[in-house]
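Q: Take the position in the sequence shown, starting the count at 1, then add 525; the result is the number in our numbering.
Every residue, glycine too, gets a C-beta built ideally from N, C-alpha and C.
Input: one structure, supplied below.
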Amino acid sequence: MKQANPSLLSRISLAISSFFTIIADSEFAARVQDLRDGVQRSEPSAPVVATTPAPVAPKTVVVPLREAAPEGAWQLLGLLQREARFIDFIQEDVAAYADADVGAAARVVHEGCRKVLRDNFTINPVRDEAEGSRISLAAGFDAAAIRITGNVVGQPPFKGSITHRGWRVDETRLPKLASGHELRIVAPAEVEL
C-alpha cells in the first residue's frame, strides 16, 4: 500500500532532521547523495544484534496546514485602500511628520477602516463579559477562541480575568466581483490628464 505524501510540516521536520543527520553521519550522507543521483546501492546485510527496545516517546499529532486563498485578503485590502487610503498611510514614513499631522491622518484612516468593517462584516466579541471580569474555563474550552496567558499550570478548570474579549466574524458581505477582475491590483495607478 502506497503512503500518502507527507504534509508540509512533516517535510520541514524531515528536512531539518536529515540536515543534522547528514552532518553527523557520513554513511547516511553517502546514501542521501546516491538517492539524489539515482544510484541504487546494495547494502550489505548488517548483523542482527539483540537490543532492548528504546522507550517510545508519545506520538505528537501533526495537524495538516491548509493554505488560505489570497483573493479575500486582496479584496479586503482594496476596500481598505479605497475607503481609508490604508495602504498609502501604512506605506508612508510618518517619522518626519508632527504628531498632530499623524493624528489627523489617523482619524481619516480610522473612519474609513471602520466603514469597511461595518459595511462588509458582522463582528461580535468572542466573550460577552466585560474586560476585567473574573471567569472560569472548564475542561474542553475552545482553545481557538480563547488564548490563555500568564502562568498556565495544571489542568482546567482555569480561573482568570478577561484582558481582551476577542473578536469573531459572524457574517461576511464582500462585494461580488465581475469575471476577470484583477484582485491583486488593490489600488490602480492614477494618471491625471
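Suppose contacts are defined by Cβ-Cβ distances below 8 Å. Is V634 in contact with F614 by that definition?
A: The residue you call residue 634 lines up with position 109 of the sequence shown. The residue you call residue 614 lines up with position 89 of the sequence shown. A contact, by the Cβ cut-off of 8 Å.
Q: Between which residues of its own chain and V619 is the CB-CB distance below 6 Å, once the five residues before and five after are set aside?
A: Reading the sequence shown from its first residue, position 94 is the one you call residue 619. Cβ neighbours of V619 beyond the five flanking positions: V627.
Q: Contact between the region 654–663 and the region 684–692: three or more CB pairs below 8 Å?
A: They touch, by the three-pair rule.
Q: Please name the residue in K640, I671, V651 and P682 whose C-alpha comes closest to that of A663.
A: As a working mapping, residue 663 is identified with position 138 in the sequence shown. Selected option, being the one with the closest Cα: P682.
Q: Where do the N-terminal and C-terminal ends of the alpha helix (DSSP H) with V633 fall, by residue?
A: Counting from one through the sequence shown, the residue named residue 633 turns up at place 108. Run containing V633: D624 to N645, per the alpha helix (DSSP H) assignment.
Q: Which of helix, strand or coil does DSSP assign to E552?
A: Numbered from its first residue, the sequence shown carries residue 552 at position 27. The answer is helix: DSSP assigns E552 an H, G or I state.
Q: Closest to V641 by CA distance: which of F611, A625 and N649 is it?
A: Start at 1 with the first residue of the sequence shown, and residue 641 comes out as number 116. Cα-wise, what sits closest to V641 is F611.
Q: Does the separation of the CB atoms of N645 and L708 fall below 8 Å?
A: As a working mapping, residue 645 is identified with position 120 in the sequence shown. As a working mapping, residue 708 is identified with position 183 in the sequence shown. Going by C-beta atoms, N645 is not nearer than 8 Å to L708.
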